[in-house]
Structure formats: structure tokens, C-alpha cells
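Reviewing the structure listed below.
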Amino acid sequence: MKNFYSFLFLCLFSKIIFGQVQTTRELIWDSQTREYIECMPTTYNSENPIPVMFCLHGLGDNMQNFHTVLQLNQWSESKRWIIITPQALDAQVPTIGSVGASWNSGAGVEGVPYLGTVILNKDVDDSGFLMAILDSLKNNYNINTDSVFFMGFSMGGFMSNRIAIEHGDRITAIASLNGTIGMAIKEKTPVAKVNTIHFHGTNDETVTYENAGFPVGGTIYSTGLGAEQTVDYWKTHNQCGNEAIHTFFPDEKADSLTFERFLYKNEGENIQTAFIKVNNGEHYWYYKPVNDIDYSTEIYKFFTNTMDFPTGITNTTNTSLNIYPNPASDFIFTEQDFAEVAIFDITGKLVLKEFNNNRINISALNNGFYIVKINSKGEIYEQKLQIIK
């Protein structure tokens, strides 16, 4: 029998780390003892409402590792936010045993030999647990109920989407990283419009870009919606326009990656759906100074509506690009004066990049369809290209 929440008490330890108060707390929920880390900035003043961000770890991870690796204590102090990092419960699968800590996010697989449909921790009320934490925060602190955020990586991303679908009337925005909308909930209608941003690498082999494929016993099974399907889901339910504000982030690091952002808006209700696509990206959290963007920074900018649009690489996509010949075999030409041309295959993988050259050698590319994107005098031009040899 579910509890609203029976009692909440300090457990194990409460200490000062990097200037903020970090506390491990326990909560009895649904007859089980659940844990979470609470970080409170030292500047907290009960007279001033404070934002809250929930940070959800991935499959097999734990709250302490996730909290430490992402340096969430420093985030709490520098941003002056309460940071909550909860712990998922261990998941058991018949004939396999434990697969590690997992959220009941709705992610699952169908048609597995001898197992059929598997949805991890399907009987665990994680949504209720997370909302109970939010209730306790409201009861004990002066939180800003217009600034309640969820962020999650991988399985935590799946769970963040579930929270947005089922409790969007209580939260402001989510960021899902390499975790989409799970198979078991993809037909659900969200209870409210929610600001959402999704991050995904085109070469992700753990939760694949195309269909959230996950390897089970040597076979890839779809666990939910693909990356672009997830963005379309939220774009539709948030009633955003179809035209994106398309941004190429400067490509300055030798990491074989390029980052681009698609931003869709519902101007009337001030709701946004965003997507950061990582060409050649894998199942990974990208950060500066190693990479061209920093995931934590981009999440913060989205949550606080302070995204920047660097001059010269951002604009609504312009399709009036004159590339010839098309189809082509060895070279293509363009009349535009540009700083950068990038060619992507149909999976979004960057296959060729040139600078300040109107004659592009494509002889090394295979037959097929490609997308050519050119940055020219502050405009982003895009056109489909076919290569036939």
C-alpha cells in the first residue's frame, strides 16, 4: 500500500562540501526505504524562493557516483540551486538476475526469447517517489515552484521524460541526455506542456539514435522512441512551430564531433522544445575544454532561458542553396561565399568539411544521399545532395 510519505529524516551524514551543505536523506515510500542526496547552497535564505534540479543517474549507476562525477555540489553553490540526486532500486530480470539500479522509466524491450516483454522495475513507483521528494522540499524550504527542473542521463533521461509526461503540471523543464521516451509510455498524452531539451549522439550504440536500440544477448531491441521521434513528440505536444532556429556550434576541438542545436518555439505560451544533435557522438557526457560544448552549461542555459546564438552561425535554416551538379560524382560547386561547408550522411554523421572553397571534392564519398550545410555570411543553407558514380 502506497504512502504519501510516512516520514522523512536525516540519515548517515550531513556535511559541508565545497561550501554547500550536502545531506544524504532517507524517505519511506511504498513500504521501501529510498535514498537521495540533497545539496543546499550556503547562501540559501528562506525569504527568497530557490530553484530545484533533480539529477537522475543511468542504468547500473548510483547517486553518489553521478553526483560526484558531474560535480553537482559545485553547481549547487555556484548557481544557488537545491540539487537532488536520488537513488534508483536494483532491477531483477528472470533468468538473468540483477542488471543494476534502474528507474521504472517505461523503457523496455519486446520479443526477447524466453522472456517476452521486459520493462525494468515496472512495479516500482519511481514517479511517486520523486514527487514525494518534491513535496517534502515544498514543506521544508521556500522553493521556486516555477523553477523545478529534471535532468537525466541514459536511463535517467528516460525517467526525466516520464516525469515530464506524467507530472508536467508540477515541473518547468527537463533535459534528457541519451535517453528518450520509453516503449511503455510512448502513447501517453502529457498532462501539460513542458520545456524540453534532448541531447543525443548519432553513433550511440547503447541507446541508438534511430530507435533507442539496446543490445540484449547480441541482438538490438528498441526500448522506445528514437532521438528525433522524441523531439517530434514534444514539439507536437508543446504545439511548437515546425521551423527550427538552427545553430551550428563552432567546431574548434579535434574530437571528430560537431554539435548543432534545433530550437522550436511555442511563442504564444513561451514553451520551447530543443534538440542538441552530436554528429559522430557516442553514449557520453561531453564537456569543455575537451569538446566544443559543455552539457552542464547548455542545460543551465536552457533551463534559465539564457541560450546564446553566436553571430555568424545561427539563423533559421535557409534552403535556397545552389549546389551543382546534383546528382554529382566527383566535384560539386556553389555560388555562395561561405566560411564553412559540412556534408553529412543520412545518419547525421559528418563525412566531409571544407573551408573557403567553392569547389568541393566529393570523390571519396560513396553513392547515396547526403545533406550539405553551408554557413555563408550569417545564414545557414541546407540542401540534399545525391552522389552517383
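Heads up: the sequence shown runs through residues 362 to 750, numbered per this note's numbering.
Backbone N, C-alpha and C fix where the C-beta goes; we use that ideal spot for every residue, glycine too.
Backbone secondary structure at residue i - three-state DSSP
i: Leu586; result: coil
i: Ala534; result: strand
i: Glu659; result: helix
i: Val430; result: helix
i: Trp442; result: coil
i: Met401; result: strand
i: Gln435; result: helix
i: Met424; result: helix
i: Phe716; result: coil
i: Ile674; result: Residue confidence is low: Ile674 scores 38 on pLDDT, short of 50, so the model does not pin down where it sits. Its coordinate-derived value is still stated next. Of the three classes helix, strand and coil, the one that applies to Ile674 here is coil, per DSSP.
Proximity of residue i and residue j at Cβ, strictly below 8 Å
i: Gln633; j: Tyr625; result: yes
i: Thr591; j: Val470; result: no
i: Val552; j: Glu527; result: yes
i: Ala489; j: Trp390; result: What sits at residue 489 in the sequence shown is Gly, not Ala. Contact: yes.
i: Leu498; j: Ile443; result: yes
i: Val460; j: Gly421; result: yes
i: Ala573; j: Thr541; result: yes
i: Ile637; j: Phe620; result: yes
i: Ala588; j: Ile558; result: no
i: Asn599; j: Asn641; result: no
i: Asn503; j: Ser407; result: yes
i: Gly567; j: Phe575; result: Note on residue identity: the sequence assigns Thr, not Gly, to residue 567. A contact, by the Cβ cut-off of 8 Å.
i: Lys714; j: Glu701; result: yes
i: Ile398; j: Met424; result: yes
Buried or exposed by the 16-neighbour rule on C-beta atoms within 10 Å, applied to residue i
i: Phe663; result: buried
i: Asn501; result: exposed
i: Ala615; result: exposed
i: Val651; result: exposed
i: Ala635; result: buried
i: Gln383; result: buried
Cutoff 8 Å: residue i Cβ touching any chain D Cβ
i: Ile581; result: Considering every chain present, this structure includes no chain D. It has just one protein chain.
Supposed close pair residue i, residue j - CB separation, criterion 8 Å
i: Ile494; j: Leu388; result: 7 Å
i: Asn539; j: Phe514; result: 6 Å
i: Thr403; j: Glu438; result: 7 Å
i: Asp487; j: Asn465; result: 5 Å
i: Ser690; j: Ile735; result: At roughly 20 Å, the Cβ-Cβ gap does not stay under 8 Å, so Ser690 and Ile735 are not in contact.
i: Ile684; j: Phe705; result: So it is not a contact: roughly 14 Å between Cβ atoms.
Fully enclosed by the segment 586–646, which alpha helix (DSSP H) runs are 4 residues long or longer? 588–598
Runs of 4 residues minimum, wholly inside the segment 466–551: which ones carry the alpha helix (DSSP H) assignment? 487–501, 516–528
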